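Visitor: For the sequence shown, the residue numbers in numbering that gives the first Met the number 0 are 0 to 286. Heads up, the beta-carbon is just placed ideally off N, CA and C, and yes, glycines get one too. A quick note: this is a predicted structure, and the numbers were derived from the prediction, not measured.
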Amino acid sequence: MLVSATEMLKKAKEGHYAVGQFNINNLEWTKSVLATAQELNSPVILGVSEGAGKYMTGFKTVAAMVKAMIEEMNITVPVALHLDHGTYDGCYKCIRAGFSSIMFDGSHYPIEENVEKTKELVKVAHAMGLSIEAEVGSIGGEEDGVVGMGECADPDECKAIADLGIDFLAAGIGNIHGKYPDNWQGLSFETLDAIQQKTGDMPLVLHGGTGIPADMIKKAIDLGVAKINVNTECQLSFAAATREYVEAGKDQQGKGFDPRKLLAPGAEAIKATVKEKMELFGSVGKA
Ligand code: 13P
0 MLVSATEMLK
10 KAKEGHYAVG
20 QFNINNLEWT
30 KSVLATAQEL
40 NSPVILGVSE
50 GAGKYMTGFK
60 TVAAMVKAMI
70 EEMNITVPVA
80 LHLDHGTYDG
90 CYKCIRAGFS
100 SIMFDGSHYP
110 IEENVEKTKE
120 LVKVAHAMGL
130 SIEAEVGSIG
140 GEEDGVVGMG
150 ECADPDECKA
160 IADLGIDFLA
170 AGIGNIHGKY
180 PDNWQGLSFE
190 TLDAIQQKTG
200 DMPLVLHGGT
210 GIPADMIKKA
220 IDLGVAKINV
230 NTECQLSFAA
240 ATREYVEAGK
250 DQQGKGFDPR
260 KLLAPGAEAI
270 KATVKEKMEL
280 FGSVGKA
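#1: Looking at C-alpha atoms only, which residue of 58, 31, 81 and 162 is the closest neighbour of residue 74?
#2: Can the beta-carbon of residue 47 be found closer than 7 Å to that of residue 82?
#3: Any heavy atom of the ligand 13P closer than 6 Å to the beta-carbon of residue 143?
#4: I need the boundaries of the alpha helix (DSSP H) containing residue 290, first residue and last residue.
#5: Taking all protein chains shown into account, do 16 or more other C-beta atoms lie within 10 angstroms of the C-beta of residue 26, making it buried, or fewer, making it exposed?
#6: Mind checking whether the beta-carbon of residue 317 lies closer than 6 Å to any heavy atom of the ligand 13P?
#7: Tell me residue 46's beta-bridge partners as DSSP assigns them.
#8: Name, in chain order, the residues that DSSP records as bridge partners for residue 102.
#9: According to DSSP, simplified to helix, strand and coil, what is residue 110?
#10: What's the gap between the Cα of residue 79 and the Cα of residue 156?
#11: Once the 5 residues before and after residue 52 are set aside, which same chain residues still bring their CB inside 7 Å of it?
#12: Taking residue 167 as part of the beta strand (DSSP E), name the residues at either end of that continuous run.
#13: Exposed or buried, what is residue 63 when buried is set at 16 or more other beta-carbons lying within 10 Å of its beta-carbon?
#14: Determine whether the beta carbon atoms of residue 229 and residue 208 lie at a separation below 7 Å.
#15: Given that a residue counts as buried once 16 or more other Cβ atoms are within 10 Å of its Cβ, and exposed if not, what is residue 72?
#16: Would DSSP call residue 175 helix, strand or coil?
#17: In the DSSP assignment, find the unbroken alpha helix (DSSP H) run with residue 12 in it and report its ends.
#18: Which runs of the beta strand (DSSP E) fall wholly inside the segment 176-261 and span at least 3 residues, in chain order?
#19: Tell me whether residue 228, by its Cβ, gets closer than 6 Å to a heavy atom of the ligand 13P.
#20: What number of angstroms, rounded off, separates the C-alpha of residue 136 from the C-alpha of residue 154?
#21: Using a Cβ-based criterion (distance less than 6 Å to any ligand heavy atom), does residue 272 qualify as near the ligand 13P?
#22: For chain B, is any of its Cβ atoms less than 7 Å away from the one on residue 112?
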């Protein structure tokens with residue numbers, strides 16, 4: 000069932016668990032994430048970066064594929080199709096393409112401009128029945144060309160953006176896209192706590208879910224995080240399983256080169272990663 004992410008995240012915040020956003024890259028990725036959500040009876044958010052959207056030939060292709068897969072796979076758990084780190088133009092493209100949720104990442108604009116653009120997009124998204132995420136304080140590292148310095152968000156700015164009627168808020172708290180460096184300082188729970196104090200029952204979003212230790216994830220959920228984004232970790236598991244298959248020479252045996260066989264271990268590895276995360280985030284059985 001394709002839905003906006005509003006209800007599922009409201010329920011998650013109230014129930015003290017988090018819904019995973021898993022970024023998708025192709026048909027296999029989407030199929031693995033949807034199958035796991037259904038198997039575990041968990042709500043799920045499919046994240047699509049602008050780069051991944053372009054790779055899959057455009058947002059219209061993605062929306063059509065996801066809607067058809069939900070139907071053909073008999074997926075009954077709530078699924079949101081969400082633009083990840085959207086530009087202003089990208090948000091409009093996804094609204095038109097049939098996404099059920101968007102993120103407007105205006106964190107690199109001066110706060111006044113971020114407020115202006117977010118306000119406008121909230122109106123449009125809500126009129127079309129979509130949920131909308133906004134961002135304050137950038138997420139460190141790089142994801143599909145979106146580069147952030149990783150500064151912690153200012154709780155007052157978070158309040159200003161939260162008051163615009165957005166449905167969930169991404170705030171930088173020392174999190175980074177991609178693998179965490181050895182000298183990473185960890186999440187700033189002080190910042191997260193201050194943000195939650197200012198924004199009340201607004202579901203908070205933790206980007207850069209790859210490689211955050213389980214105890215930090217749990218503490219972040221305790222402090223109001225209701226959505227956690229995971230991208231790199233599925234890519235790493237897919238790559239490792241595919242490498243193992245090829246290095247074992249399995250693509251050379253019989254019809255092992257058949258893409259349905261060649262890509263199967265990677266697809267299974269994505270499922271295992273998604274399952275592990277859903278269990279950690281507490282969303283299993285919450286559909
Ligand atoms: P990771 O790639 O670090 O898991 O981050 C995902 C993310 O935050 C998507 O916006």
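Guide: Concretely, from the data shown:
#1: 31
#2: yes
#3: no
#4: Only positions 0 to 286 of the chain appear in the structure, and residue 290 is not among them; the question remains open.
#5: exposed
#6: Since the first residue of the chain shown is 0 and the last is 286, residue 317 is not available in this structure.
#7: 22 and 81
#8: 132
#9: helix
#10: 27 Å
#11: 58 and 61
#12: Membership of residue 167 in the beta strand (DSSP E) is indicated by the continuous run 167-170.
#13: It counts as exposed.
#14: yes
#15: exposed
#16: strand
#17: 5-14
#18: 203-205 and 224-229
#19: In this structure, the C-beta of residue 228 approaches the ligand 13P to less than 6 Å from one of its heavy atoms.
#20: 10 Å
#21: For the ligand 13P, not one heavy atom lies less than 6 Å from the Cβ of residue 272.
#22: Among the chains of the structure shown, chain B does not appear; only one protein chain is present.
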